[in-house]
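Input: a single structure, listed below in structure tokens.
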Amino acid sequence: MDKPDPLQAPRIVTSIWPAVLLLVFALVTFVVAQGYSATSARFPSMVAGAMIVLSVYDIWSRTNLPGANTVKTFGGTGFRQREMMHNPSFANQAECLGWITGAFAMMAAIGILATSPIFCASYVRFKGNRSFAVSVGVGIGVLIFQLAVFEWALNYELYRGLFFTKGGVSAW
Amino acid sequence: MGLDALLDAFLSVLNGGSLTFLMAGVLLGLTFGVIPGLGGTTALALLIPVTYTLDPLSAMYLAGGVMGATSFGGSISAILLNTPGTAPNAATCFDGYPLARQGKAGMAIGASATASALGGLIGLFTLLLFIPVAREVVLSFGSSEFFLLTVLGLAAIAVSIKGKLLRGLIAACIGLLLAFTGANQFTGETRFTGGINYLWEGIPLVPALTGLFAISQMIELALKGGSVADDATVKEAKNMRIKGVSEGVFAVFKHWPVLLRGSLIGTVIGAIPGLGGTVASFLSYSSTAQTAKDRDTFGKGNIKGVIAPEAANNAKDGGSLIPTVAFGIPGSAETAVFLGILVLHGIEPGPQILLQNEREVYGLIVALTVSAIAASVLGLIFARLLVLITRIDVNIVVPVVVTLSLTGVYVLEGRMADVAVATIIGIFGYLMIRFDYPRLTLVIAFVLGEIAERSYHQVRLISDGNVIEYMLGRPISVILIIATIVTFFLPAMRKLPWRRMVGRAI
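Heads up: the sequence lines are chains A and B, in that order.
Throughout, our numbering is defined as the position within the first sequence, counted from one, plus 1.
Throughout, our numbering is defined as the position within the second sequence, counted from one, plus 3.
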């Protein structure tokens, strides 16, 4: 079986959907901007209007419609100079984004100081498949750094979490 | 006046405190430069909250230390591991690694260190020469020119990001729209806040930059996985004898035309917003290889193949500061984050930077000058140790950087909402990387959005609504309009059939 060309962009990247989403965003922004006074609406309307036109071109260049190749050539809409050349699976991406949002959720719930060692140790242990000792070591190292630099040296009080702080989300 | 500020900055460096910040920046820059996937932009994004507690000049020293050192850090892993630490160092691999395999690692690193330091100095010297000219130009600018300069800057960046013009412009539009969030400076009316009080002052810059350049980069790195270099490669590098450093140093002086050409290419390419170090180093390498008498030896361990890209890569730092300090238009992601640091210290981005913040501008130049030399010296001393850093597992780097970035964002204002913004923008930044929308144009538009809108409204007021007529009546504005139009048509002109025919005929 032939190896896939690394320069060949994945189908999901070249599909019309990212451009369609941006077109929707631009349309919504344009409509919302019309609700403001003339001065406040002027610049956002201009930019959103320009973005609508550009998004339509972007969508066009991703199709097989007549003229799409011309737009591709003159608009520079190829995918051979991508920043991200690897193609992770959807599950991998969801897992990774889950770790990041999980870290934030934990910081919000139990605070930054408690989350830092737990998040780092868990990530190293479960995502990195490193030994228990290495994971705990990384966790403790980060905790000591946070305590020494932020709490003691710079005298900041790191967030203690919704469970231990008065005011809830409104205090954010 | 400029000389006073320059002397003041030099004297300040002699003061122990400033030197400490500078050296801390250099060490951090070397470390982040050595590890592929991190780089100077991530290091600067991580540093932003730390600089908050410092005075503006000390912040410049810390940032300058990082900016001046990452390029050389990246060349160490390129030479010893055949893995470029930063993208521009890829050109150094071609001849650096073969030299290391021939037992001339010390010579290659010595040449790289010297070319980096001298290239950096030539670039900064050019910047110093350019500043008085730029000052005169900026003094003749009005609101119309400020507005058109922003448009030209964004157009130039979008066009120069090769193969991504349309998506670059779309990203710029998103950046501008994000910049419009919050209270309008002219009417006081709040826009796009969704009823969230936190957004009244707009989307904060630092959490946005941290999200775009630290969090999103970590997500991408996490998905790539593995360690930077495998144990066998690192073991091989560790056993390489780093000797003959002085031979490398002398080689740079022996091949001074290569150094000079590389530095000039780096400075010019760096001054064009959006092009950056990769284009500079590859252009310098290819032009040297094509014109050399011994061109057959390139790629097999020719020392000139190390000198040329490294000189260009470091000279571009001075060049990229020309549009940044002269016109307030950051030419690269690194200078955009650097502008974020300026904003944090109450300095407004835009063409007024040079007029109002001369002390900080010269402070940065001094920091970059000292950093270019210090990074080379420290890099030579710790080269073998720095290579060991690349053994570090990405799965350890990612959680540590994510945790420290989010903590840094929190301590800035003590607001958890900032952490939420950094996380959301981090995920958005990753999606931009994934779907190939350049983050550079977004962040530059985001930084310049406010000043662009204000300048535009001022022009409207001054011209009584006849914006176009007013602009066409001002010669500098006309030049900027023509430059913008030409910029937009450049990619199309490159592809015109008659141009190819002429090219073939020649």
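The beta-carbon is built from N, C-alpha and C at its ideal position, and this holds for glycine as well.
Taking just the CA atoms, how far does residue j sit from residue i?
i	j	result
residue 170/A	residue 163/A	7 Å
residue 85/A	residue 223/B	8 Å
residue 194/B	residue 448/B	17 Å
residue 467/B	residue 41/A	17 Å
residue 302/B	residue 10/A	29 Å
residue 508/B	residue 308/B	Confidence at residue 508/B is low in this model, with a pLDDT of 42, below 50, so its placement is unreliable and no value can be given for it.
residue 14/B	residue 382/B	25 Å
residue 196/B	residue 131/A	43 Å
residue 228/B	residue 15/A	24 Å
residue 67/B	residue 128/B	15 Å
residue 179/B	residue 199/B	20 Å
residue 464/B	residue 39/A	14 Å
residue 460/B	residue 478/B	20 Å
residue 45/A	residue 329/B	27 Å
residue 111/A	residue 63/A	45 Å
residue 504/B	residue 75/A	Any reading at residue 504/B needs caution, since the residue's pLDDT is 49, under 50, leaving its predicted position unreliable; the model's value is listed next. Residue 504/B and residue 75/A: Cα-Cα distance of roughly 18 Å.
residue 294/B	residue 221/B	40 Å
residue 29/A	residue 53/A	10 Å
residue 425/B	residue 105/B	46 Å
residue 76/B	residue 34/B	7 Å
Assign residue i to one of two classes, buried (16 or more other C-beta atoms within 10 Å of its C-beta) or exposed (fewer than that).
i	result
residue 319/B	buried
residue 378/B	buried
residue 305/B	buried
residue 25/A	exposed
residue 313/B	buried
residue 204/B	exposed
residue 74/B	buried
residue 327/B	buried
residue 89/B	buried
residue 2/A	At residue 2/A the pLDDT is 45, less than 50, meaning the model places this residue with poor confidence; the figure from the coordinates comes in the next sentence. Burial call: exposed.
residue 161/A	exposed
residue 100/A	buried
residue 12/A	exposed
residue 258/B	buried
residue 172/A	exposed
residue 298/B	exposed
Could you have a look at residue i and say whether DSSP puts it in helix, strand or coil?
i	result
residue 185/B	strand
residue 194/B	strand
residue 98/B	helix
residue 396/B	strand
residue 116/A	helix
residue 158/A	coil
residue 264/B	helix
residue 469/B	coil
residue 45/A	helix
residue 351/B	coil
residue 153/A	helix
residue 56/B	coil
residue 337/B	helix
residue 89/B	coil
residue 90/A	coil
residue 107/B	coil
residue 478/B	helix
For residue i and residue j, which I take to be in contact (beta-carbon distance under 8 Å), what is that distance rounded to the nearest angstrom?
i	j	result
residue 37/B	residue 389/B	5 Å
residue 419/B	residue 109/A	6 Å
residue 271/B	residue 322/B	6 Å
residue 136/A	residue 126/A	4 Å
residue 310/B	residue 262/B	6 Å
residue 317/B	residue 126/B	7 Å
residue 103/B	residue 82/B	5 Å
residue 124/B	residue 255/B	Going by Cβ atoms, the distance from residue 124/B to residue 255/B rounds to 12 Å, so no, they are not a contact pair.
residue 217/B	residue 49/B	6 Å
residue 46/B	residue 31/B	6 Å
Sorry if obvious, but does the Cβ on residue i come closer than 7 Å to a heavy atom of the ligand FAD?
i	result
residue 140/A	Judged by which ligands are present, the structure shown has none, so any question about the ligand FAD falls away.
The region 36-55 of chain B touching the region 320-337 of chain B, judged by at least three CB pairs closer than 8 Å:
Touching, yes.
For the 8 Å Cβ check, are there 3 or more pairs between the region 16-36 of chain A and the region 49-62 of chain A?
Yes, the region 16-36 of chain A is in contact with the region 49-62 of chain A.
Count the C-beta pairs between the region 370-384 of chain B and the region 152-172 of chain B that are closer than 8 Å, then say yes if the count reaches three, no if not.
No contact exists between the region 370-384 of chain B and the region 152-172 of chain B.
If you pair each beta-carbon of the region 474-481 of chain B with each one of the region 140-153 of chain B, do three or more pairs fall below 8 Å?
Judged by Cβ distances under 8 Å, the region 474-481 of chain B makes contact with the region 140-153 of chain B, as three or more pairs qualify.
With contact counted as at least three CB pairs below 8 Å, one residue from each stretch, are the region 50-63 of chain B and the region 407-420 of chain B in contact?
Yes, the region 50-63 of chain B is in contact with the region 407-420 of chain B.
Segment contact, 8 Å Cβ cut-off, at least three pairs: the region 93-110 of chain B with the region 396-407 of chain B
Touching, no, given that fewer than three Cβ pairs across the two stretches are closer than 8 Å.
Any contact of the region 246-265 of chain B with the region 100-116 of chain B, i.e. 3+ C-beta pairs under 8 Å?
The region 246-265 of chain B is in contact with the region 100-116 of chain B.
Between the region 203-215 of chain B and the region 437-448 of chain B, are three or more C-beta pairs nearer than 8 Å?
These segments touch.
Decide yes or no for the touch test of the region 430-443 of chain B against the region 166-184 of chain B: beta carbon pairs closer than 8 Å, at least 3 of them.
Under the three-pair Cβ rule at 8 Å, the region 430-443 of chain B counts as touching the region 166-184 of chain B.
Between the region 187-205 of chain B and the region 479-492 of chain B, can you find at least three pairs of beta-carbon atoms closer than 8 Å?
They do not touch, by the three-pair rule.
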